[in-house]
């Protein structure tokens with residue numbers, strides 16, 4: 001089972017968000033994902049509780065259910081100089097719009113489309129990752145409570161892996177592209 005061995009930083013205040021954003025603004029590409037508390041009743045939905053932004057060695061877990069969508073984080077999402085790599089982005093974009101109606105995504109790369117350029121037809125993160133790295137990613141925490149007062153270590157690891165794996169897949173395919181005959 002794959003693990004993220006980098007730093008996982010939970011961001012749950014405006015000042016922590018500003019520090020994280022300052023670090024992320026120096027990056028050219030980051031992995032992106034969100035988590036929403038599952039709704040088990042028809043017609044019930046929840047807003048994004050967690051947004052994960054990851055570099056190769058650091059993943060920030062922004063507790064949007066606590067801090068909302070701070071301007072410093074929104075600035076990263078609309079910054080055309082930073083590639084944001086994610087999977088099933090349409091759903092994420094709709095959910096972000098619920099928090100910030102002015103949100104206009106910039107320089108997001110949809111892995112489901114991107115991997116097709118490399119002959120990969122699978123759409124799921126777990127499958128794509130397995131094809132490229134021959135390792136499994138756990139999906140055990142997917143339906144957990146992302147609005148819990150304190151996230152468990154398993155939740156943090158799951159969330160970090162999802163964002164980091166998107167970036168790792170993108171970087172691996174770019175390397176293979178450069179080394180292809």
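In the numbering used here, the protein residues as written are 1 to 181.
Cβ atoms here follow ideal geometry from the backbone N, Cα and C, with glycine treated the same way.
Small disclaimer: the values here were computed from a predicted structure and weren't measured.
- Task: Output the distance between the C-alpha atoms of residue 66 and residue 48, rounded to the nearest integer angstrom.
- Result: 11 Å
- Residue environment, residue 91, which counts as buried when at least 16 other CB atoms sit within 10 Å: exposed
- What's the call for residue 134, buried or exposed, on a 16-neighbour Cβ count within 10 Å? exposed
- Item | Same chain only: Cβ atoms within 6 Å of residue 10, ignoring 5 sequence neighbours per side | Excluding sequence neighbours, residue 10 sits near 61.
- Query: Cα separation between residue 200 and residue 101?
  - Reply: No information on residue 200 is available, as it lies outside the stretch 1 to 181 that the chain covers here.
- Between the Cα of residue 52 and the Cα atoms of 79, 45, 15, 36, which residue gives the shortest distance? Taking only the C-alpha atoms, the option nearest residue 52 is 36.
- For the alpha helix (DSSP H) that residue 175 lies in, which residues bound it at each end? 153 to 179
- What residues are listed by DSSP as bridge partners for residue 63? 50
- Task: Compute the Euclidean distance between the alpha carbons of residue 24 and residue 158, then round it to the nearest angstrom.
- Result: 20 Å
- Message: Rounding to the nearest angstrom, what Cα-Cα distance links residue 45 and residue 179 in this structure?
- Response: 45 Å
- Look at the alpha carbon of residue 2 and the alpha carbon of residue 165, and state the distance between them as a whole number of angstroms. 10 Å
- Message: Residues in the same chain with beta-carbon distance under 8 Å from residue 82, minus the five sequence neighbours each way, listed in chain order, please.
- Response: 24, 25, 27, 28, 29, 30, 76, 107
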